[in-house]
Each structure stands twice: as C-alpha cells, then as structure tokens.
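K.L.:
Structure provided below as structure tokens; questions to follow.
Residue numbers (my numbering): 3 to 97.
Written out as structure tokens, the structure reads:
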C-alpha cells in the first residue's frame, strides 16, 4: 500500500520519552546540549522591550469615548460601521 498517497494504513510506532537537553544527530547518536546564559542574563532586544510594554493603548481616550457613548453624545452610524467592516473583509481587487 502506498502511504504517500494516503491509501492504506500504518500503525503508530512507539517512541521513547522526551529528554531535556539531549539532541540527536542524523546518525541517531545523542549529543548533549547546554546553554551558557539564562534568559535573565540575556540582554533585552528592542522587540522584547516593546512587547513587554504592551499594546499602544490610549486609555484616557477610550474612557472618554465610553463616557460619551453612555451619555448619548457619541454618534454611532451603523451603516458606516457596517461598510467599513465589509471593506476590511473583502479582498482588494487589482493589487
């Protein structure tokens, strides 16, 4: 039976338990793996620093909009919202 085409069945073969710190080379021989620095010793990259700050959210603006909505002072145009949602979901033609 041809397993490449997906026809036929194959029985799962048992594998050994995972071992931390052990890498196996192409010949199947185990090679010990070790690291020299822990994550606390590594310098923080720019990407990691930005990610640690969290998303760029203007909480004051969000609170002001929530208050305006609650007080009925924030105009909500359902048609405009729906149009923008549809435009975001549709693929761009000619790009």
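Idealized CB from N, CA, C, for every residue including glycine.
Taking the alpha-carbon positions, what's the residue 83 to residue 51 distance?
P.N.:
Computed Cα separation, rounded: 34 angstroms.
K.L.:
In whole angstroms, what separates the C-alpha of residue 81 from that of residue 90?
P.N.:
Their backbone Cα atoms lie some 14 angstroms apart in a straight line.
K.L.:
Could you have a look at residue 92 and say whether DSSP puts it in helix, strand or coil?
P.N.:
Residue 92 falls in the coil class under three-state DSSP.
K.L.:
Would a C-beta distance cut-off of 9 angstroms place residue 54 and residue 46 closer than the cut-off?
P.N.:
A contact, by the Cβ cut-off of 9 angstroms.
K.L.:
Considering residue 69, what are the terminal residues of the alpha helix (DSSP H) in which it resides?
P.N.:
Run containing residue 69: 61 to 72, per the alpha helix (DSSP H) assignment.
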